[in-house]
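**Student:**
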Amino acid sequence: MRTPVRRLPSSTIRKLEGTLFFTPWIVGFLLFMVFPLGYSFYMSFHQVQILATGISFQYKGFYYYKYILFENADLLYNQLIPFLRQAVLMLPIIVVFSLFTAIILNQNFWGRTFFRAVFFLPVIFTTGQVITEFITQGEGNLDFLERYNLSSLVVTYLPPSWASPIVAVLSSFVLVLWYSGVQILIFLAGRQTISPSVYEAARIDGANPWEVFWKITLPAMLPFVLLNLIYTTVDLFTYPGNPILTQVNTTDYGRSSALAWIYFAIIFVFLGIIFFLFTRFFRGVKPAGR
Amino acid sequence: MSKPLINPARFRAGRPPFRAWLKKTRYLLLGKEADKGLLFRVMIYLILIDTAYIYLNPLFYMITSMVKNSADLLDPSVRWIPREIFTGTLTDAWIHVRFPQAFTISLLLSTSVALLQTLSCAVAGYALARLDIPFKSFWFFCLLLTFVVPPQVIILPNLIAASQIFHVMKTYYPIIVPALFGHGLKGALFVIIYRQFFSTQPKELEEAARMDGAGVLRVFTRVMLPLARPAILVVFLFSFVWTWNDYYTPGMYMGGSKSLPLSLGITQISAQLAAQAGESGPSLFDEPIKMAGAFLIILPPLVLYLFAQRWFIEGVERTGLVE
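Those protein sequence lines, which keep their order, are chains A and B. Using the UniProt record's numbering, read the first sequence as starting at 1 and increasing by one per residue. Using the UniProt record's numbering, read the second sequence as starting at 1 and increasing by one per residue.
1) Taking buried to mean at least 16 other C-beta atoms within 10 Å of its own C-beta, is Trp21 (chain B) buried or exposed?
2) Anything in chain B within Cβ reach of Ile55 (chain A), meaning under 8 Å, just list it in chain order.
3) Please state whether DSSP places Phe220 (chain B) in a helix, a strand or coil.
4) What's the gap between the Cα of Ser197 (chain A) and the Cα of Leu116 (chain B)?
5) Counting only Cβ pairs nearer than 9 Å, list the residues of chain B close to Pro24 (chain A).
6) DSSP puts Val48 (chain A) in a beta bridge; with which residues?
7) When the Cα atoms are used, what is the spatial distance from Val153 (chain B) to Asp212 (chain B)?
8) Determine, for Glu207 (chain B), whether the minimum Cβ-Cβ distance to residues of chain E falls below 9 Å.
9) Give me the residue from A:Val269, A:Ile262, A:Thr279, A:Thr233 with the minimum Cα distance to Gln86 (chain A).
10) Rounded to whole angstroms, how far is the Cβ of Ala102 (chain A) from the Cβ of Ile184 (chain A), which I believe are closer than 8 Å?
11) With distances taken from CA atoms, which of B:Gly125, B:Ser263, B:Leu304 is nearest residue 293 (chain A)?
12) Just checking: is the beta-carbon of Glu17 (chain A) within a distance shorter than 9 Å of some beta-carbon in chain B?
13) Can you give the Cα-Cα distance for Leu158 (chain A) and Leu84 (chain A), rounded to whole angstroms?
14) For Phe295 (chain B) and Asn57 (chain B), I'd like the C-alpha separation in whole angstroms.
15) Can you list, in chain order, the residues of its chain with a C-beta nearer than 6 Å to that of Leu99 (chain A)? Leave out the 5 residues immediately preceding and following it.
16) What separation, rounded to the nearest whole angstrom, lies between the Cα atoms of Ile63 (chain B) and Leu51 (chain A)?
17) Looking at chain A, is there any beta carbon in it that lies within less than 9 Å of the beta carbon of Glu204 (chain B)?
18) Under three-state DSSP, which class holds Arg318 (chain B)?
19) So what does DSSP say about Lys170 (chain B), is it helix, strand or coil?
20) Please report the Cβ distance between Ile94 (chain A) and Val176 (chain A), rounded to the nearest whole angstrom; I am assuming they are in contact, meaning their Cβ atoms lie under 8 Å.
21) Do you know how far the Cα of Lys215 (chain A) is from the Cα of Ala288 (chain A)?
22) So, under 8 Å CB-CB, Gln272 (chain B) and His96 (chain B) are touching, yes? Tell me the CB distance rounded to an integer number of Å.
23) Does the separation of the CB atoms of Pro301 (chain B) and Phe236 (chain B) fall below 9 Å?
24) Would you say the stretch 220–234 of chain B touches the stretch 170–187 of chain B, given that touching needs at least three Cβ pairs under 8 Å?
25) Which of the three DSSP states, helix, strand or coil, is assigned to Gly111 (chain A)?
26) What ranges does the alpha helix (DSSP H) occupy inside the stretch 202–249 of chain A, keeping only unbroken runs of at least 4 residues that lie completely in it?
27) Can you find a C-beta in chain B that's less than 9 Å from the C-beta of Arg280 (chain A)?
28) What is the rounded straight-line gap between the Cα of Ala193 (chain B) and the Cα of Ala274 (chain B)?
29) Mind pulling the chain B residues with CB within less than 7 Å of Ser40 (chain A)?
30) Between A:Asp74, A:Thr246, A:Tyr42, which lies nearest to Ile62 (chain A) when the distance is taken from Cα to Cα?
31) Scan the stretch 277–322 of chain B and note each continuous alpha helix (DSSP H) run of 4 residues or more that stays entirely inside, going in chain order.
32) Closer than 7 Å by C-beta to Gln192 (chain A): which residues in its own chain qualify, once you throw out the five before and the five after it? Chain order, please.
33) Give the residues from the stretch 252–277 of chain A that approach chain B closer than 8 Å (Cβ to any Cβ), ordered along the chain.
34) Cα-Cα, which of B:Ile160, B:Leu73, B:Phe60 is closest to Gly54 (chain A)?
35) Could you name the residues of chain B that Ala117 (chain A) contacts, counting a contact when the two beta carbons are closer than 7 Å?
36) Quick check: the Cα distance between Phe281 (chain A) and Met252 (chain B), rounded to an integer number of angstroms?
Structural data, given as structure tokens:
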């Protein structure tokens, strides 16, 4: 008789298998995320000079952070504050528009495939450069907004700090809507998770379409609304054409790194606020019949 | 059977034929359900057609402005439809962006990144969804973190690493290699998509294959991957199109190189136009040429999308992109 081969317990084998599968990602994570993050954090405290012989670091402490946050408004605040205002305006527009479009596109009607294709089209070509071209061409505005001179109305009646971002959003309104391709898809996918029997039950109980939307569709879509808020925020904030990010360049590694880190912190705070407000407002709302 | 002498319907109280007719009309107009009525249909089509028009407006503008000749460009009465189709602008843009070469580069780059990401993200997503990994929730948190970190935060160290350590500036390695490990442009999102997809698949399939003595690798390649066709399609298309359109990363790594991908076409055109404007002043064709360049950039993914969009959107719905 052969001596039994010593085997590892099956749970350990499973763990090994899983780790083996996941190792490439972890290696990539260390190489392309942890290392650059740490390195850029390190650089943000140093003056970096790239010499022919190598890289030299000179410790500067919090100098760059102080400089960006307290001394020079050009670098951060002058770009950031209008951008944040615009983002606050754009977020609800994008999310509401995509929710609305997704619900309509979910109906069964003739030509649905065509309209789905149309509304998803911008994802294919929302390359930053093409969009920037459109914005400089003034091709993102809506004709009727111009006809009723809405922008000048906004300028007259609102404080200038808010008027300019509103005008900016209005004048590129179509392009704002263009950011909703992926969001529409997420909502479409989310809508599929609501079972038809819930709608049937509501109909038997005599609910009208309005009630059905507010009592069934919307509560069930709430997780997707949150997801889309997060996705849209990340998308807007990491968009290469974004004014702050163009300042992260190779002219001054230390300063750019500090700016990138400050910006990253702002994104985190912004996401945190969204998360907090969202859970605050919708704590009581529970999706029905799931 | 003989006919009853008295028709009972006539004596039924409270239901005059008028009411029934009203109800019928109401059903026809509003529908028994919200989305079935005629009125609602008309509304939906109105909204959809209007929004679609607004949506596509910049695209129409792009196409019409690039086929206008100088007379049409100057004539304010020609807004949308040019008097004749002028292909000179398009030809100019074609030469400016060096289309055949740039197209080939973009195609090779996007295809290789998309293929690598499709595979490597599937492996990572499958592991996260289905396998035992120590500290799994920690890794999942790392994944979400990766999703939120702006590429600009990590670009500078990557640039230094590429130029000082690996000496791969002006090559495509810095763009392709991260994709091999399931990272790269929006790699985290793709891993999340796969994770969602695999976690919705029935457990029994996997168990049955395991009973038959298949190892993890076999289960993954023979059972799970073939099932994941919708997810694969979605990830591949997204990855391809986003890599195609991305100009930030190539712009950073490829600066000064001769062989640039198509996405940098507008930058090239702008630079050349600026140089020209310095010599002979701005030209009437500056904007149309940029529009034509933009058109050349988006045309290939547009054609791809035209063929794939049906499976694509169905695929997204079926992946259960989220929960």
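A virtual CB, placed ideally from N, CA and C, is assigned to each residue, including glycine.
**Tutor:** Checking against the coordinates, here is how it stands:
1) Walking along the second sequence from the start, residue 21 (chain B) turns up at place 21. Its Cβ having fewer than 16 others within 10 Å, Trp21 (chain B) is exposed.
2) The sequence position of residue 55 (chain A) within the first sequence is 55, counting from 1. Within chain B, the residues near Ile55 (chain A) are Ile160, Gln164.
3) Working through the second sequence from its first residue, we reach residue 220 (chain B) at position 220. Here Phe220 (chain B) sits in helix by DSSP.
4) What you label residue 197 (chain A) is simply residue 197 of the first sequence in a count that begins at 1. What you label residue 116 (chain B) is simply residue 116 of the second sequence in a count that begins at 1. Cα-Cα distance, rounded: 41 Å.
5) The residue labelled residue 24 (chain A) in the question sits at position 24 within the first sequence. Those are Ser120, Val123, Ala124, Leu180, Phe181, Gly182, listed as they occur along chain B.
6) Residue mapping note: residue 48 (chain A) aligns to position 48 of the first sequence, counting from 1. Looking at the DSSP assignment, Val48 (chain A) forms a beta bridge with A:Phe57.
7) Your numbering for residue 153 (chain B) matches position 153 in the second sequence. Your numbering for residue 212 (chain B) matches position 212 in the second sequence. Answer to the nearest angstrom: the Cα atoms are 48 Å apart.
8) Absence of chain E from the displayed structure is noted, the protein chains being A and B.
9) As a position in the first sequence, residue 86 (chain A) is number 86, starting the count at 1. Ranking the options by Cα distance to Gln86 (chain A), first place goes to A:Thr233.
10) Mapped onto the first sequence, residue 102 (chain A) falls at position 102. Mapped onto the first sequence, residue 184 (chain A) falls at position 184. Rounded, the Cβ-Cβ distance is 5 Å, consistent with contact.
11) Residue coverage of chain A in this structure runs from 1 to 290, which leaves residue 293 (chain A) outside it and unanswerable.
12) Taking the first sequence and counting its residues from 1, the one referred to as residue 17 (chain A) is at position 17. Judged by the 9 Å Cβ criterion, Glu17 (chain A) is in contact with chain B.
13) Against the first sequence, residue 158 (chain A) aligns to sequence position 158. Against the first sequence, residue 84 (chain A) aligns to sequence position 84. Using only the alpha carbons, I get a separation of about 17 Å.
14) Taking the second sequence and counting its residues from 1, one reaches residue 295 (chain B) at position 295. Taking the second sequence and counting its residues from 1, one reaches residue 57 (chain B) at position 57. When rounded, the distance between both Cα atoms is 14 Å.
15) Indexing the first sequence from 1 puts residue 99 (chain A) at position 99. Closer than 6 Å at the Cβ level, and outside the excluded window around Leu99 (chain A), lie Phe187.
16) Looking up residue 63 (chain B) in the second sequence gives position 63. Looking up residue 51 (chain A) in the first sequence gives position 51. Straight-line Cα distance between these residues: approximately 48 Å.
17) Numbered from 1 along the second sequence, position 204 holds the residue referred to as residue 204 (chain B). For Glu204 (chain B), the answer is no, since every Cβ of chain A falls outside 9 Å of its Cβ.
18) Counting from 1 along the second sequence, the entry for residue 318 (chain B) is found at position 318. The answer is helix: DSSP assigns Arg318 (chain B) an H, G or I state.
19) Counting from 1 along the second sequence, the entry for residue 170 (chain B) is found at position 170. Note: Lys170 (chain B) maps to coil in three-state DSSP.
20) Working through the first sequence from its first residue, we reach residue 94 (chain A) at position 94. Working through the first sequence from its first residue, we reach residue 176 (chain A) at position 176. Correct: roughly 7 Å between the Cβ atoms.
21) The residue given as residue 288 (chain A) occupies position 288 in the first sequence. The residue given as residue 215 (chain A) occupies position 215 in the first sequence. The pLDDT assigned to Ala288 (chain A) is 48, lower than 50, so where the model puts this residue is not dependable; a value taken from the coordinates is nonetheless given after this. So the alpha carbons of these two residues sit roughly 8 Å apart.
22) Locating residue 272 (chain B) in the second sequence gives position 272, counting from the first residue. Locating residue 96 (chain B) in the second sequence gives position 96, counting from the first residue. Contact holds; Cβ gap of about 6 Å.
23) Looking up residue 301 (chain B) in the second sequence gives position 301. Looking up residue 236 (chain B) in the second sequence gives position 236. No, the Cβ-Cβ distance between Pro301 (chain B) and Phe236 (chain B) is not below 9 Å.
24) no
25) For this step, residue 111 (chain A) is matched to residue 111 along the first sequence. Of the three classes helix, strand and coil, the one that applies to Gly111 (chain A) here is coil, per DSSP.
26) 209–212, 218–237
27) Your numbering for residue 280 (chain A) matches position 280 in the first sequence. By this cut-off, Arg280 (chain A) is not an interface position.
28) As a working note, residue 193 (chain B) is residue 193 in the second sequence. As a working note, residue 274 (chain B) is residue 274 in the second sequence. Before going further, note that residue 193 (chain B) is Ile rather than Ala in the sequence given. Approximately 43 Å between the Cα atoms of the pair.
29) Position 40 of the first sequence, counting from 1, holds the residue named residue 40 (chain A). The answer, in chain order, is Val153, Ile154, Leu156, Pro157.
30) Residue 62 (chain A) sits at position 62 when you count from the first residue of the first sequence. Here residue 62 (chain A) is Phe; the residue named in the question, Ile, does not match the sequence. Of A:Asp74, A:Thr246, A:Tyr42, the residue nearest in Cα terms is A:Tyr42.
31) 286–319
32) Translated into the one-based positions of the first sequence, residue 192 (chain A) becomes position 192. Once the five neighbours on either side are set aside, Gln192 (chain A) has no close Cβ partner at all.
33) Tyr253, Ser256, Ser257, Ala260, Trp261, Tyr263, Phe264, Ile267, Phe268, Leu271
34) As a working note, residue 54 (chain A) is residue 54 in the first sequence. Ranking B:Ile160, B:Leu73, B:Phe60 by Cα distance to Gly54 (chain A) puts B:Ile160 first.
35) Taking the first sequence and counting its residues from 1, one reaches residue 117 (chain A) at position 117. Going along chain B in sequence order, the residues near Ala117 (chain A) (Cβ under 7 Å) are Gln309.
36) If you number the first sequence from 1, residue 281 (chain A) lands on position 281. If you number the second sequence from 1, residue 252 (chain B) lands on position 252. Their Cα atoms are separated by approximately 42 Å.
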